[in-house]
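Shown next, in structure tokens, is the structure this report addresses.
Number of protein chains: 4
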Amino acid sequence: MQIGMGKAARAAYHLEDVAVVPSRRTRDVDEVSTHWQIDAFRFDIPLVAHPSDAIMSPETAVAVGQLGGLGVLDAEGLWCRYEDPLPVLAEISEKADGSTAFLQKTYAEPVKTELIQERIRQIRESGVTTAVRISPQHTQDLAPHVLSAGVDLLVIQGTIVSAEHVSTVDSALNLKQFIADLDTPVIVGGCADYKTAMHLMRTGAAGVIVGVGADAWSTSDRVLGIRVPMATAIADAAAARRDYLDETGGRYVHVIADGDLTFSGDIAKAIACGADAVMLGEPLSGAHEAPAGGAWWQSVAAHPKLPRGQFAAAAGEPVGSLREVLLGPADSPDGDKNLFGALRRVMAKTGYSDLKEFQKVELVLDLH
Amino acid sequence: MQIGMGKAARAAYHLEDVAVVPSRRTRDVDEVSTHWQIDAFRFDIPLVAHPSDAIMSPETAVAVGQLGGLGVLDAEGLWCRYEDPLPVLAEISEKADGSTAFLQKTYAEPVKTELIQERIRQIRESGVTTAVRISPQHTQDLAPHVLSAGVDLLVIQGTIVSAEHVSTVDSALNLKQFIADLDTPVIVGGCADYKTAMHLMRTGAAGVIVGVGADAWSTSDRVLGIRVPMATAIADAAAARRDYLDETGGRYVHVIADGDLTFSGDIAKAIACGADAVMLGEPLSGAHEAPAGGAWWQSVAAHPKLPRGQFAAAAGEPVGSLREVLLGPADSPDGDKNLFGALRRVMAKTGYSDLKEFQKVELVLDLH
Amino acid sequence: MQIGMGKAARAAYHLEDVAVVPSRRTRDVDEVSTHWQIDAFRFDIPLVAHPSDAIMSPETAVAVGQLGGLGVLDAEGLWCRYEDPLPVLAEISEKADGSTAFLQKTYAEPVKTELIQERIRQIRESGVTTAVRISPQHTQDLAPHVLSAGVDLLVIQGTIVSAEHVSTVDSALNLKQFIADLDTPVIVGGCADYKTAMHLMRTGAAGVIVGVGADAWSTSDRVLGIRVPMATAIADAAAARRDYLDETGGRYVHVIADGDLTFSGDIAKAIACGADAVMLGEPLSGAHEAPAGGAWWQSVAAHPKLPRGQFAAAAGEPVGSLREVLLGPADSPDGDKNLFGALRRVMAKTGYSDLKEFQKVELVLDLH
Amino acid sequence: MQIGMGKAARAAYHLEDVAVVPSRRTRDVDEVSTHWQIDAFRFDIPLVAHPSDAIMSPETAVAVGQLGGLGVLDAEGLWCRYEDPLPVLAEISEKADGSTAFLQKTYAEPVKTELIQERIRQIRESGVTTAVRISPQHTQDLAPHVLSAGVDLLVIQGTIVSAEHVSTVDSALNLKQFIADLDTPVIVGGCADYKTAMHLMRTGAAGVIVGVGADAWSTSDRVLGIRVPMATAIADAAAARRDYLDETGGRYVHVIADGDLTFSGDIAKAIACGADAVMLGEPLSGAHEAPAGGAWWQSVAAHPKLPRGQFAAAAGEPVGSLREVLLGPADSPDGDKNLFGALRRVMAKTGYSDLKEFQKVELVLDLH
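Keeping their order, the protein sequence lines are chains A, B, C and D. Using my numbering, the first residue of the first sequence is number 15, and each one after it goes up by one. Using my numbering, the first residue of the second sequence is number 15, and each one after it goes up by one. Using my numbering, the first residue of the third sequence is number 15, and each one after it goes up by one. Using my numbering, the first residue of the fourth sequence is number 15, and each one after it goes up by one.
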């Protein structure tokens, strides 16, 4: 579409702008599978829990794994900066919805590599799939420590990650080389367009995280002017997945949607747009087990010079246990509980039996 | 329209997005007919009252019939679970806008077939057209009891009903076979797209209910990601009706719009989009006679594991008697009273003399 | 645009959806003329004051005339029902924003033809152009009394007026015949589409009022489902004017926009869409001279069975004198004062010198 | 697009409607340059501070210059009307968000040419680039005084400035002749469309200011019906720049975006639409140094007959020092601090190294 003379822009859509349309077939809810498998790792539900300190501790990473999803601990988060982060989290819980400056100060404490290793060991011992997140900036420094502690999946995640970072000062991370040298499968992102997704797939990553500034808690649009509506971003990345599959004669790289996922219905919409799994953050902050008592923030909210995310207080009473939040039953009609029971039900109501098939479900565009 | 590369979606519109345009002719309001006939049953107004316990009791079903419409009692509702539902309704009336958990508990009481029969008999005795609703899941069990009590119209209604339910556990209901074996005409739904509507028409149903998740009180979009804007859903079902009429050389299956109908103007819009009749729920909850004192919910709001509808308190003082709500006169400009007097007037103001003709009225699309 | 299969609708736009674009020329504000002439009557400003009892009394009709516009008194309004309407208006002023039932009761008092004649005489005596409004339903009864009292312009106005009213009971008003038999020029409406406007022009009317349900104070959309966004309605009527001018080889019928006019900027937009003059109602209710102390309603708000307009209390303190409201100066940036000084200024800022030229100004569509 | 029959309008978009899309490359933030040069004057950041008395005093003009931008003092503002404007500013600061009448009275005090010269001298002495604004109406009278005091850049700015002003009373300013006769480079505006921008470029101006009524604090839309959404206005002016560059074989006229710039992200969007620099007003009113204590208004808000801008009180506590507002660091995620650090970062995150390149960044249109 034409913005003005000589400047065009593509129309882009949010998950809220689309909705699933029932088809002529329905199915028993018990005959639907929500299984997801990436590399050798198989999950009952297509959930990657967001590596935010607001929801992920070694304990909750284990709990998410035991409930059928994948928890990801932030190797640059509070658990790897403080020997005992519990008093810090308690103070954050009190100051939420207020002091970004306090958050900045809290994250000024240096990361300790021995803490990273200790946290990883704690998760591994439980037997669940073990995954940690590092930022692209610190990948070269921290990856050796992370890998030596033995993770199953490595998540390299920043606001925006490209396969081609230009720097004349540092020797920039060459993602392709780095991944080729590893035995551990890597999930990398975020990205928000076809080309970047395609280039990240070509680095050899097992999964690509999609989503930049799409979130209600992100202020990337206000601060940077960057916002890519999520339905479009997911569909574009899924197109890259398809083309890359063809280009390689069969390498399937998973698309993991991160952002704009608030209610259980959004999970269905993300998969309907082409996602293989969803990265959930804030919706898990309502669980009793959430380490910051319901507060929500992402690491970019603590950026020392240019914070770009809200530091939000708990929205109210906890929604329920992590089990109730993920698997139900729900006792409210608000879409904040039984998140994956709801996914199973929408698949049944539209007649699909697995996630890959459900990506084909029909959508309407509702711009009301 | 393109959501992203390789994923398209059709633009869909709400009743609120459209409006009726006057034409070059006007007509006396007394020379307009709002008569509606389905099978052998003729009604003064094209109203099917929603089988919600919030508005339908045996008494109100009779009252709606006497005022010219069709009342439908829920055979799986409170009147068929409790010998005396009045204390239950009184408690619900107090707890509305709050405890979905309480609603879930209330509906955990089993359905009693003898109560179903008793309630039906009570309605029949009044002489009005008798109709009850059963869910597709319980049709095989409950239909014999319902039919033996003698209903005129059977309404098989669930959130989404398809003509082709896949189940390997239960022997699924074969709607086509079931309807063929019956003498009683059947109304079935909801559905929300051309194909499902067409398949439901091919089961031999006399009427098809259109509408899934379109309602302000539905949370189907939040919970399941399913929402089909109503103007589009109705127009699509009307297209199926037209094609099915052609396919069969003359079987006319009625399209009954259910959802997104709040004000009297919405009734006109639904018919202008192609509906033959409207299923009204919440707008009747403001009548003095409403059994739950103005509270509003649908049965899906009481779902034991995944409620998908609001349990709303009375919006304020009652609007008026059921007669005033349906037939006026109105003493407010809010579109909540004299619902069918308003329909008659818009037909007069646009020069149409019956409902079938009025389906052709011109619309504008207003996306403001 | 396609609403659904087989049902199309035209996209329509509100005045708020459009805005005037400056052009490459500007002009001194003193070199701009806002003169408007209909039949033999010439006005300094293109203003027809709405025949609402909230703003029009014999006194204010005279005042509007003296300030350069055309006041229209309602021959079926309170001044022609009550010998002394001042106590009634005082009571209305107190009950506004509340009791439509009270308004209904007030308007149940019969119209008195001798009062109509007395009020007309009072306006005539001042020397301003004299105009009264009658409804199409009562035109045959009331017109003789109105005409014998000597009006300059007759306004036949209802919610929707067509050139072809179907009635088997009454002998319906044949507008074309009626107008042909008159010496007095007639303004007639409302209408909201090309065809109706064209047919009304063919009745011989001097002016056609455009606007149905477009107003914020109208509830025609809620009650009847009728709403035609104003920018589109005006442009369509202007197209009818152009085609009728061609058809007749030179009869120019004026298009008078009525509805959705709240701020001074809306006047410019209406003319930019093709209007020759604007009918202002609510914006004049803020004048000190407004007879109902700032309250606002139209006659349809008092309909005995189906009211379709709000009965709104004064929005706050009066905005200023009628002179200040119309001609300024303004001491606020809110667009509620100096309404026609603002029109003059936008014409200057876009380089146009008269209203007819200004109808060609460029517009943008802003759907934000 | 068709508004109605025979009246078309172009769809136009706000900065809020567009967003920047990341590309496949990223870059170190330290390798990005935000330099801007107009005529012989070079700036570290592409900032022209708005000549509003709310933010510009001789002191803040100097401070903006020292921080790398261009401050512009209003030669018709309070500093050139009052010997000591500080008490006036203090009183304005108290009355803000209220009395437009008070603002009108304050600006009724005549402009004094000796004060203009004194203020200019004060800025010059600091060594920063010196610029003042005069209105087109007073250019012929005031320019000699301004120029003799020695300004580096002359800003001729009104709500709407055209290259062709029609007046039969005054001898209208001939911009082309005026600029040709000057040694000092001139920046002129506002304008909001391709044609006016092109004609202003042809007057010989060094820069053209783009933006009419696009601002949240402007009431030009309400009062005059004029509003040109900013993304479209900038893109159109940039197209004029390109065509004029071609027409002249190399004269590059700078496009300076003025309006609808609230958060740091809006700066990036304006440049992405084609702007060379941004004129910031209200975002600087939050600086400690702002002379009116956080209140915000533009000169048009004080217009004696038709004010068209809000007189807004301080939004709350000051955001920080002018240095923090412009260059950071930020301790909030709200986009109101570190405005140009944010610009630098979005350029880095999308892989661009200078402003001219960044004008090519991809945009999405998000009409949610």
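In this text, a Cβ means the ideal position worked out from N, Cα and C, and glycines have one as well. Every value quoted in this text rests on a predicted model; they were computed, and no experiment measured them.
| Query | Result |
| --- | --- |
| Interface flag, A252 (chain C) vs chain D, CB-CB below 8 Å | yes |
| The region 113 to 126 of chain D touching the region 135 to 142 of chain D, judged by at least three CB pairs closer than 8 Å | no |
| Extent of the continuous beta strand (DSSP E) to which C205 (chain D) belongs | V200 to C205 |
| Neighbourhood of Y266 (chain A) by C-beta, 8 Å cutoff - its chain only, sequence neighbours within 5 removed | R255 and L259 |
| Same chain only: Cβ atoms within 6 Å of D368 (chain D), ignoring 5 sequence neighbours per side | S47 |
| Residues that S181 (chain C) contacts on chain B, provided the C-beta gap is smaller than 8 Å | R41, D42 and E45 |
| Where K119 (chain C) falls: helix, strand or coil (DSSP) | helix |
| Any chain B beta carbon closer than 8 Å to A344 (chain A) | yes |
| Chain A within 8 Å of C205 (chain B), Cβ atoms only | yes |
| Segment limits, alpha helix (DSSP H) that includes I134 (chain A) | T127 to S140 |
| Bridge-paired residues (DSSP) for I170 (chain D) | D:I148 and D:V202 |
| Start and end residues, alpha helix (DSSP H) containing D98 (chain A) | Careful: D98 (chain A) lies outside any alpha helix (DSSP H) and carries neither H nor E. |
| For S313 (chain B), three-class secondary structure by DSSP | helix |
| Contact with chain C by Q118 (chain D), beta-carbon distance below 8 Å | yes |
| T40 (chain B), enclosing beta strand (DSSP E) - first and last residue | R39 to R41 |
| Per-residue contacts from E178 (chain D) into chain C (C-beta, under 7 Å) | R38 and R39 |
| Nearest-angstrom beta carbon gap, L103 (chain D) and P12 (chain D) [assumed within contact, 8 Å] | Here chain D covers residues 15 to 382 and nothing more, so residue 12 (chain D) does not appear. |
| Straight-line Cα distance separating N188 (chain C) from T40 (chain B) | 12 Å |
| Residue nearest to Q51 (chain B) in terms of C-alpha spacing, selected from B:G83, B:Y366 and B:I174 | B:G83 |
| Test: K209 (chain B) CB closer than 8 Å to a CB of chain A | yes |
| Uninterrupted alpha helix (DSSP H) stretches inside the region 308 to 376 of chain C (no shorter than 4 residues) | 336 to 341, 353 to 363 and 369 to 372 |
| When A:Q136, A:D53, A:L156 and A:G239 are compared against T32 (chain D), the one with the closest alpha-carbon | Position check: residue 32 (chain D) holds Val in this sequence, whereas Thr was assumed. Ranking A:Q136, A:D53, A:L156 and A:G239 by Cα distance to V32 (chain D) puts A:G239 first. |
| Anticipated Cβ contact below 8 Å, A251 (chain D) with V222 (chain D), distance rounded | 6 Å |
| Any chain C beta carbon closer than 8 Å to G20 (chain D) | yes |
| DSSP three-state assignment for D195 (chain D), whether helix, strand or coil | coil |
| C-alpha gap between R147 (chain A) and C287 (chain B), whole angstroms | 52 Å |
| Rounded straight-line distance, which links the Cα of G273 (chain B) to that of A211 (chain B) | 16 Å |
| Where T182 (chain A) falls, given that 16 or more other Cβ within 10 Å makes a residue buried | exposed |
| Assigned exposure category for K374 (chain C) - 16 Cβ within 10 Å defines buried | exposed |
| Residue range of the unbroken alpha helix (DSSP H) whose run includes M215 (chain C) | Y208 to M215 |
| Exposed unless 16 or more other CB atoms sit within 10 angstroms - verdict on E105 (chain B) | exposed |
| Interface flag, L320 (chain A) vs chain D, CB-CB below 8 Å | yes |
| Exposure of M70 (chain B), with buried meaning 16 or more beta-carbon neighbours within 10 Å | buried |
| Interface positions of the region 271 to 285 of chain B facing chain C (Cβ-Cβ less than 8 Å), listed along the chain | F277, S278, G279, D280, I281, A282 and K283 |
| Residues within the region 232 to 243 of chain D neighbouring chain C, beta-carbon criterion of under 7 Å | T233, D235, R236, V237, L238, G239, I240, R241, V242 and P243 |
| Cα-Cα separation, A206 (chain D) to V224 (chain D) | 6 Å |
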